[in-house]
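If you want my numbering, it's the position in the sequence shown, counting the first as 1, plus 879. Beta carbons are placed, not taken as given, at the ideal position from N, Cα and C, and that holds for glycine.
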Amino acid sequence: MKAVRVLEYGGPLVFDEVPTPTIAGDNILVKVKSTAVNHIDLVKASGRVRQILPIDLPWIPGHEFSGVVERIGSDVAACAPGDAVFGTSGMGAYAEYLAVKPAAIARKPSNLSFEEAASVPVASQTAWQGIFTHGHLEEGQTILVHGGAGAVGAYAVQFASHAGATVIATASGNDEAYLNSIGASRVIDYREAQFEKVLREKVDVVFDLIGGDTQKRSFLVLKEGGHLVAATQPVSQEETARHRVSGAMMRLAPSADGLGRIARLLEEGTIRPDVASVYTLQDVAQAWKDIAGNLSRRRPHGKIVLRVA
Ligand SMILES: NC(=O)c1ccc[n+]([C@@H]2O[C@H](COP(=O)([O-])OP(=O)(O)OC[C@H]3O[C@@H](n4cnc5c(N)ncnc54)[C@H](OP(=O)(O)O)[C@@H]3O)[C@@H](O)[C@H]2O)c1
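Structure (structure tokens):
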């Protein structure tokens, strides 16, 4: 099969012919239709985090995908060949075929294209687990989402609003209309104002997708007993104790049930995915350049998707 591989840390992406994965009894072989680019793909490939997130070289990147079940192992009952699915993988989705466990996939929402579906699993599950599992957000509460117009943030805004919470987001000013359209009742332009100076009331939950100084200042806007959930860096336990709040860095724990629940919300039109741009798998190097460059300039909302087949 064709796949994109990293042969050495910091080396180029190589579009190669490699063996198709074999599947064990509890595995599913998926013919990948699309995959999505995550910033962590570039970070892992660079070797900068090899002490904490090592990769086995040669490495096929790709943590999420959509596709069609090609073959199932003898112990698999959850799906059948021909089913359209989407899900997460520890690696390997930048390829024509991928072996996955049933616990990482769900049926693809029928109203989504394969490209849209591939953009969903990582960002949406991170948002869901961030605000509900770790943030314990409830109806009637108020949440502040830092980076609300990003891929994860946009799902957090939609889920929180759907759950009956009041949603405040920090973002660039020109994302205000977009954020209002997906459920934010207030948008604070992070380039123009310091959120802790303009917020009049404290919030129950902060979902921090930015880190650094943004995280430090978040303690000032949390109610006593509130929750600070960070997706980018650990939270100071000294500060959480001092402000009488809870705080932790989350790590996505993919689940078939969780993704299935999100698939239903997508299918009924309660939430929507955003795809920023689509490249072919062969053009992955350009997609990675885009992701790296996009960290410092304006761009369309949503994920960068790679069309595989
Ligand atoms: N822990 C986990 O399991 C997990 C899982 C998935 C993702 N993540 C991490 O979560 C973070 C967000 O991911 P993403 O995919 O949503 O990123 P993204 O799509 O790149 O979005 C980032 C957003 O943050 C905005 N932004 C930048 N600086 C800001 C600031 N100081 N205050 C408010 N908004 C600001 C950007 O707006 P402008 O472009 O207008 O500046 C952009 O809309 C990444 O660091 C990612 O690695 C963690």
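- Query: Is any heavy atom of ligand 1 found at a distance shorter than 7 Å from the C-beta of I1022?
  - Reply: As a position in the sequence shown, residue 1022 is number 143, starting the count at 1. False, no ligand heavy atom lies under 7 Å from that Cβ.
- Verify the contact flag: D1169, CB atom, against every heavy atom of ligand 1, threshold strictly below 7 Å. Taking the first residue of the sequence shown as 1, we reach residue 1169 at position 290. Outside the cutoff, so no.
- Query: At what residues does the beta strand (DSSP E) containing T1021 begin and finish?
  - Reply: In the sequence shown, counting from the first residue as 1, residue 1021 sits at position 142. Per DSSP, T1021 belongs to the beta strand (DSSP E) from 1021 to 1025.
- Closest by CA to I951, which one among W938, Q930, L977, E943? Here residue 951 is taken as the residue at index 72 of the sequence shown, counted from 1. Comparing Cα-Cα distances from I951 to each of W938, Q930, L977, E943, the minimum goes to L977.
- Message: Using the three-state DSSP reduction, which class does L936 fall into: helix, strand or coil?
- Response: Along the sequence shown, read from residue 1 onward, the residue named residue 936 stands at position 57. In the displayed model, L936 falls within coil according to three-state DSSP, outside both helix and strand.
- Item | Spatial neighbours of V1100 in its chain, beta-carbon cut-off 8 Å, leaving aside the 5 residues before and after | As a working note, residue 1100 is residue 221 in the sequence shown. The residues L1023, F1074, E1075, L1078, K1081, V1082, V1085, in chain order, have a CB closer than 8 Å to that of V1100 in the same chain once the five nearest residues on each side in sequence are set aside.
- Pull up the DSSP beta-bridge partners for R1186, would you. Indexing the sequence shown from 1 puts residue 1186 at position 307. According to DSSP, R1186 bridges with S913, T1159.
- Item | C-beta contact flag for H1180 and A1028 at 8 Å | Position 301 of the sequence shown, counted from the start, is the residue given in the question as residue 1180. Position 149 of the sequence shown, counted from the start, is the residue given in the question as residue 1028. The Cβ atoms of H1180 and A1028 sit closer than 8 Å to each other.
- Using DSSP with H/G/I as helix, E/B as strand and the rest coil, what is A1127? Position 248 of the sequence shown holds residue 1127. The three-state secondary structure of A1127, taken from DSSP, is strand.
- Item | C-beta atoms of I939 and V883 nearer than 8 Å | Locating residue 939 in the sequence shown gives position 60, where the first residue counts as 1. Locating residue 883 in the sequence shown gives position 4, where the first residue counts as 1. Closer than 8 Å, so yes.
- Just how far apart, CA to CA, sit P1152 and E1146? Taking the first residue of the sequence shown as position 1, residue 1152 is located at position 273. Taking the first residue of the sequence shown as position 1, residue 1146 is located at position 267. If I take the Cα positions, the gap works out to 11 Å.
- Task: Label S953 either buried or exposed according to how many other C-beta atoms from any shown protein chain fall within 10 Å of its C-beta, with 16 as the threshold for buried.
- Result: As a working mapping, residue 953 is identified with position 74 in the sequence shown. Counting Cβ neighbours within 10 Å, S953 comes out exposed, since fewer than 16 surround it.
- For T1159, count neighbouring C-beta atoms within 10 Å of its own C-beta (all shown protein chains included) and say buried if the count is 16 or more, exposed if not. Counting from 1 along the sequence shown, the entry for residue 1159 is found at position 280. Result: exposed.
- By the 10 Å Cβ neighbour count, where 16 or more other Cβ atoms means buried, how is K1168 classified, buried or exposed? As a working note, residue 1168 is residue 289 in the sequence shown. Counting the other Cβ atoms within 10 Å of the Cβ of K1168 gives fewer than 16, which makes it exposed.
- Message: For V1036 and A1155, what's the separation of their Cα atoms in angstroms?
- Response: Working through the sequence shown from its first residue, we reach residue 1036 at position 157. Working through the sequence shown from its first residue, we reach residue 1155 at position 276. For the pair V1036 and A1155, the Cα-to-Cα distance works out to about 18 Å.
- Message: According to DSSP, simplified to helix, strand and coil, what is T1045?
- Response: In the sequence shown, the residue the question calls residue 1045 occupies position 166. Assigned with DSSP and collapsed to three states, T1045 falls in strand.
- Task: Might you give, ordered along the chain, the residues of its own chain that have their beta carbon closer than 6 Å to the beta carbon of R1140, omitting 5 neighbours on each side?
- Result: By one-based count along the sequence shown, residue 1140 stands at place 261. Around R1140: no qualifying Cβ.
- Cβ contact check for the region 955 to 966 and the region 1114 to 1121: 3 or more pairs under 8 Å: Taking 8 Å as the limit for Cβ pairs, the verdict is that the region 1114 to 1121 does not touch the region 955 to 966.
- Can you list, in chain order, the residues of its chain whose CB lies under 8 Å from that of E1018, leaving out five sequence neighbours each side? Within the sequence shown, residue 1018 is the residue found at index 139, counting from 1. Excluding residues within five positions, the ones whose Cβ falls inside 8 Å are A1042, G1043, A1044.
- Message: Counting beta carbon pairs with one atom in the region 980 to 988 and one in the region 1127 to 1140, are three or more of them shorter than 8 Å?
- Response: The region 1127 to 1140, when compared against the region 980 to 988, does touch it at the 8 Å Cβ threshold.
- Taking C-alpha atoms, which residue in T1012, T1021, A1006 lies nearest to A1033? Position 154 of the sequence shown holds residue 1033. Cα-wise, what sits closest to A1033 is A1006.
- Query: The beta strand (DSSP E) spanning I919 covers which residue range?
  - Reply: Sequence index remark: in the sequence shown, residue 919 carries index 40 (1-based). Run containing I919: none in the beta strand (DSSP E); it sits in the alpha helix (DSSP H), 918 to 925.
- Message: If contacts are defined as beta-carbon pairs under 8 Å, then A997 and T914 qualify, I think. What distance do you get, rounded to the angstrom?
- Response: In the sequence shown, the residue the question calls residue 997 occupies position 118. In the sequence shown, the residue the question calls residue 914 occupies position 35. Approximately 5 Å separates the beta-carbon atoms of A997 and T914; this is inside 8 Å, confirming the contact.
- Query: Is it buried or exposed for V922, if we count other Cβ within 10 angstroms and need 16 for buried?
  - Reply: Here residue 922 is taken as the residue at index 43 of the sequence shown, counted from 1. Exposed, because fewer than 16 other Cβ atoms sit within 10 Å of the Cβ of V922.
- Going by the C-beta, is M970 closer than 7 Å to any heavy atom of ligand 1? By one-based count along the sequence shown, residue 970 stands at place 91. Remark: the C-beta of M970 is outside contact range of ligand 1, defined as less than 7 Å to any heavy atom.
- Message: My output table needs one value for G1032: the three-state DSSP class, helix, strand or coil.
- Response: Along the sequence shown, read from residue 1 onward, the residue named residue 1032 stands at position 153. G1032: helix per DSSP, three-state reduction.
- Message: I need the straight-line Cα distance from A1188 to K881, nearest angstrom please.
- Response: Here residue 1188 refers to the residue found at position 309 when the sequence shown is read from its first residue. Here residue 881 refers to the residue found at position 2 when the sequence shown is read from its first residue. So the alpha carbons of these two residues sit roughly 10 Å apart.
- Over the uninterrupted beta strand (DSSP E) stretch that includes R884, give me the two end residues. The sequence position of residue 884 within the sequence shown is 5, counting from 1. Taken as a continuous stretch (DSSP letters only), the beta strand (DSSP E) holding R884 covers 881 to 885.
- Message: Just checking R1189 against ligand 1 - is the residue's beta carbon closer than 7 Å to any of the ligand's heavy atoms?
- Response: The requested residue 1189 does not occur in the structure, where the chain is confined to residues 880 to 1188.
- Query: Do you know offhand how far T1021's Cα is from H1106's?
  - Reply: Along the sequence shown, one-based indexing puts residue 1021 at 142. Along the sequence shown, one-based indexing puts residue 1106 at 227. Rounded to whole angstroms, T1021 to H1106 spans 11 Å at the Cα level.
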